[in-house]
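In the numbering used here, the protein residues as written are 1172 to 1387. The beta-carbon is built from N, C-alpha and C at its ideal position, and this holds for glycine as well. None of these values were measured; they are calculated from a predicted model. Read through the structure below, which is laid out as structure tokens, and then see the notes.
See below:
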């Protein structure tokens, strides 16, 4: 399926690395060419495998872990709890939100205001025809192929539906157009509507019956 790291350049020139992937000399050179790495974020309890590699290369960068990762990966050094949005060092450029109600994942999503970009890890996928055949079949069977949506597995991981839907509605309140996810093809525009459609079965619709509309 592959995985994507997103690099956000902040107004002060510093870089925020979201969901670090495996390092390579070429990738490290490319990142250094963009600026100084100030912050690194492991955005959920699944996206952490390569964090230590980046820490060794950028030891002065502050590392922030999704809730629960500190206990899962106690060997990671110089970790800091994720700050409240109003206290985050990137608050001038980026909003962030912890998605509640999915304790197995505890994903933190980010909104880069100036580019109207939502950055996510496993909140949704966008797997299309460029993916390997086995990946395409898996996402077809999961009901999320060819669109921005979670798989049935992500839906099953929701433990507190009300809390999850409240978080998702906060995400959808951001005026994003582009969606950059860890897995799949980037959505260049119309991302907010695409994400809402992908979660329609959970969020319900104002056009449906009152029972369906109150699914959350």
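Boundaries (first-last residue) of the alpha helix (DSSP H) holding residue i
i: residue 1311; result: 1304-1312
i: residue 1227; result: 1222-1228
i: residue 1174; result: Looking at the DSSP string, residue 1174 is not in any alpha helix (DSSP H), and its letter there is neither H nor E.
i: residue 1371; result: 1371-1374
i: residue 1241; result: 1240-1243
Assigned secondary structure, residue i (DSSP; H/G/I helix, E/B strand, else coil)
i: residue 1266; result: strand
i: residue 1209; result: strand
i: residue 1273; result: coil
i: residue 1254; result: coil
Range covered by the beta strand (DSSP E) that runs through residue i
i: residue 1233; result: 1233-1236
Buried or exposed (CB count within 10 angstroms, at least 16 for buried), residue i
i: residue 1216; result: buried
i: residue 1424; result: Residue numbering for the chain in the displayed model covers 1172 to 1387; residue 1424 lies beyond these limits and cannot be assessed.
i: residue 1190; result: buried
i: residue 1319; result: buried
i: residue 1197; result: exposed
i: residue 1255; result: exposed
i: residue 1179; result: buried
i: residue 1304; result: exposed
i: residue 1186; result: buried
i: residue 1369; result: buried
Whether residue i touches residue j by CB criterion (8 Å)
i: residue 1298; j: residue 1307; result: yes
i: residue 1353; j: residue 1293; result: yes
i: residue 1242; j: residue 1234; result: no
i: residue 1279; j: residue 1335; result: no
Checklist entry - Mind pulling the beta strand (DSSP E) runs of 3 or more residues that sit fully within the segment 1176-1207? => result 1177-1180, 1186-1189
Checklist entry - Which whole runs of the alpha helix (DSSP H) in the segment 1284-1366 are 4 residues long or more, in chain order? => result 1304-1312, 1323-1327, 1332-1344
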